[in-house]
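K.L.:
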Amino acid sequence: MDLGPFPDTAGHDRATTLDAADPLAGERDAFVVTDPELVYLDGNSLGRLPTDAPGLVDDVVQRQWGERLIRSWNEGWWELPARLGDLLAPVVGARSGEVLLSESTSTNLFKLAGAALLARPGRSRVLTDDLNFPTDVHVLDGLCRLLGGDRRVEVVASPDGVRGPVEELEAALAEGDVALLSLSHVVYRSGYAYDVARLTEAAHAAGALVLWDCSHSVGSVPVGLAEAGVDLAVGCSYKHLNGGPGAPAWLYVREELQDELSNPITGWFGHAEPFGFDLGFEPARGIRRFAVGTTPVLSMAAAEAGIAQVARVGIDAVRAKSVALSSYLVELADEVLVPLGFELASPREPARRGGQVALRHDDAWPITRALVQDAKVLPDFRAPDVLRLGLAALTTSFLDVHTAVHRIAAVVRDGRHEAYRGTTATVT
Ligand SMILES: *Cc1c(COP(=O)(O)O)cnc(C)c1O
4 MDLGPFPDTA GHDRATTLDA ADPLAGERDA FVVTDPELVY LDGNSLGRLP
54 TDAPGLVDDV VQRQWGERLI RSWNEGWWEL PARLGDLLAP VVGARSGEVL
104 LSESTSTNLF KLAGAALLAR PGRSRVLTDD LNFPTDVHVL DGLCRLLGGD
154 RRVEVVASPD GVRGPVEELE AALAEGDVAL LSLSHVVYRS GYAYDVARLT
204 EAAHAAGALV LWDCSHSVGS VPVGLAEAGV DLAVGCSYKH LNGGPGAPAW
254 LYVREELQDE LSNPITGWFG HAEPFGFDLG FEPARGIRRF AVGTTPVLSM
304 AAAEAGIAQV ARVGIDAVRA KSVALSSYLV ELADEVLVPL GFELASPREP
354 ARRGGQVALR HDDAWPITRA LVQDAKVLPD FRAPDVLRLG LAALTTSFLD
404 VHTAVHRIAA VVRDGRHEAY RGTTATVT
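For what it's worth, our numbering labels the leading residue of the sequence shown as 4, then goes sequentially.
(1) Please go through the segment 181–214 and give each complete alpha helix (DSSP H) segment of 4 or more residues, from N-terminal end onward.
(2) Whose CA, out of Thr298, Ala348 and Val221, lies closest to the CA of Arg166?
(3) When the Cα atoms are used, what is the spatial distance from Ala97 to Glu334?
(4) Under 7 Å Cβ to Cβ from Pro299, same chain only, skipping five residues before and after it: list those, please.
(5) Mind checking whether the beta-carbon of Ser109 lies closer than 7 Å to any heavy atom of ligand 2?
(6) Could you work out which residue in Leu184, Gln261 and Val316 is closest to Val172 when comparing CA atoms only?
(7) If contact is defined by three or more beta carbon pairs under 8 Å, each pair taking one atom from either stretch, is the segment 352–360 in contact with the segment 368–382?
(8) Please find out if some non-hydrogen atom of ligand 1 comes closer than 7 Å to the beta-carbon of Leu147.
(9) Would you call the segment 235–255 and the segment 110–119 in contact, with 3 or more CB pairs under 8 Å?
(10) From the DSSP output, which residues share a beta bridge with His274?
(11) How should Pro137 be labelled, buried or exposed, when 16 other C-beta atoms within 10 angstroms of its C-beta is the threshold for buried?
(12) Counting pairs of beta carbons, one from the segment 286–306 and one from the segment 137–152, are three or more of them closer than 8 Å?
(13) Does at least one heavy atom of ligand 1 sit under 7 Å from the Cβ of Thr138?
(14) Cβ-heavy atom distance between Asp216 and ligand 1 below 7 Å?
(15) Taking all protein chains shown into account, do 16 or more other C-beta atoms lie within 10 angstroms of the C-beta of Val341, making it buried, or fewer, making it exposed?
(16) Can the beta-carbon of Val221 be found closer than 8 Å to that of His243?
(17) Within the continuous alpha helix (DSSP H) that includes Phe113, where are the two ends?
(18) Can you list, in chain order, the residues of its chain with a C-beta nearer than 7 Å to that of Leu228? Leave out the 5 residues immediately preceding and following it.
(19) Quick one: residues in its chain with C-beta nearer than 6 Å to the C-beta of Leu21, no 5 flanking neighbours on either side, listed in chain order?
(20) For Leu252, is the beta carbon positioned less than 7 Å from some heavy atom of ligand 1?
(21) What would DSSP say about Phe401, mapped onto helix, strand or coil?
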């Protein structure tokens, strides 16, 4: 299809004016962009490649591994998970020594939720909601089965599939016997953003621990972990942190709880003296007890560039741009896409919305395929009917948003999606 400028000149000028006034516009130059015509709206699933990442990886491969060999463990590798954790800490409002990079989000969730359940042995209820990412519910369910007793996960339903069931969760907490409340801060599908402080307080009032999955908020929305008194948190590094495919995830444990909680995966990297080679397990003090095994040094190196950039720019500046982008998209969608059968499936008020906008349409799947195949727009699709537009603030321009809305409209108006009905793909 024709990807040239759209006849909407006034709208196009407004987008370029917004870009000219954007203090973060230059941050885009810190990323590899191989196709300037492509509008990438999936930075919330896999962030773009920072230009600094290949050099960092190359140094690890050629010099640290190739030349320095095993000496590199004493020349920086050992400290990597905690050093990158400290670099990330201000981005999520944590204090130094409270964040560690390790494993995947799913594994970190297992470790921290497991630690929480072991710390509340007399309580049987684990609360979450039906907007949570499936892996989170699978891990919580699996832990309840493993630990046995009366432990069970209760999945509280959202009133509309968009908003978190805040009052219902508060009521469920007040009924008592809750060991752990575990939610996604920003919900992957609708982009709804929970009030972390409010639910953390409600959990604590009920004597429960709280674990926030910040996979969709880290690097996009401030979390304020320490200020809200959050106990535990986990999150991805390959979404808004641009850490690369399979980047090591992170975990946070409030300092006051670290020596009180036990990591249920007792591996040698969490031992007080890993090189004492003692067969008895003695947990390390501090955040390092939540480590398990050998650090994936190559992928940590790749992740450093993206984390350093968000830390340098500052999460408040990132959030301001993100709110401006998503508000602009909602406005254009109301004007151009709603008349074509789309419906907003994200919160309208910016305070309750993360860095993505979901649009419902009966033909969301074939429209997504047509956008990817014919229109150089990469969004993603969430079954059964959501077109999800991720607006990674460091890599998305206002002109990208304008262009995407008009390409989506052109696809639907010209019926280009009809050819993609009934097609399938493994990763959506
Ligand atoms: C992306 C995401 C994950 C991914 O978990 P992995 O173990 O890295 O595959 C988990 N939880 C949430 C809420 C996510 O958004």
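All residues carry an ideal CB built from backbone N, CA and C; glycine is no exception.
In this text the structure is predicted, and so the values were computed from the model without any measurement.
P.N.:
Once the coordinates are examined:
(1) 199–208
(2) As a position in the sequence shown, residue 166 is number 163, starting the count at 1. Nearest of Thr298, Ala348 and Val221 to Arg166, Cα basis: Ala348.
(3) Numbered from 1 along the sequence shown, position 94 holds the residue referred to as residue 97. Numbered from 1 along the sequence shown, position 331 holds the residue referred to as residue 334. Approximately 34 Å between the Cα atoms of the pair.
(4) If you number the sequence shown from 1, residue 299 lands on position 296. So the qualifying residues of the chain are Pro251.
(5) Looking for ligand 2 in the displayed structure turns up nothing; the ligands present are ligand 1.
(6) Position 169 of the sequence shown holds residue 172. Note that residue 172 corresponds to Leu in the displayed sequence, not to Val. Comparing Cα positions, the closest option is Leu184.
(7) no
(8) By 1-based counting over the sequence shown, the position of residue 147 is 144. Strictly speaking, residue 147 in this sequence is Cys, with Leu absent from that position. False, no ligand heavy atom lies under 7 Å from that Cβ.
(9) yes
(10) Numbered from its first residue, the sequence shown carries residue 274 at position 271. Answer is Pro286, bridged to His274.
(11) Taking the first residue of the sequence shown as position 1, residue 137 is located at position 134. When all chains shown are included, Pro137 counts as exposed.
(12) no
(13) Stepping through the sequence shown from its first residue, residue 138 is reached at position 135. Yes - ligand 1 has a heavy atom lying nearer than 7 Å to the Cβ of Thr138.
(14) Taking the sequence shown and counting its residues from 1, one reaches residue 216 at position 213. Yes, the beta carbon of Asp216 sits closer than 7 Å to at least one heavy atom of ligand 1.
(15) Taking the sequence shown and counting its residues from 1, one reaches residue 341 at position 338. When all chains shown are included, Val341 counts as exposed.
(16) On the sequence shown, residue 221 is found 218 positions in, with the first residue counted as 1. On the sequence shown, residue 243 is found 240 positions in, with the first residue counted as 1. Yes, they are a contact pair.
(17) In the sequence shown, residue 113 corresponds to position 110, counting from 1. Segment Thr108 to Ala122, the alpha helix (DSSP H) holding Phe113.
(18) Walking along the sequence shown from the start, residue 228 turns up at place 225. Excluding residues within five positions, the ones whose Cβ falls inside 7 Å are Val95, Gly96, Ala97, Ala236 and Tyr255.
(19) If you number the sequence shown from 1, residue 21 lands on position 18. Cβ within range, chain order: Phe401.
(20) The sequence position of residue 252 within the sequence shown is 249, counting from 1. Checking the sequence shown, residue 252 turns out to be Ala, not Leu. Because some heavy atom of ligand 1 lies under 7 Å away, the Cβ of Ala252 counts as near it: yes.
(21) Position 398 of the sequence shown, counted from the start, is the residue given in the question as residue 401. Phe401: helix per DSSP, three-state reduction.
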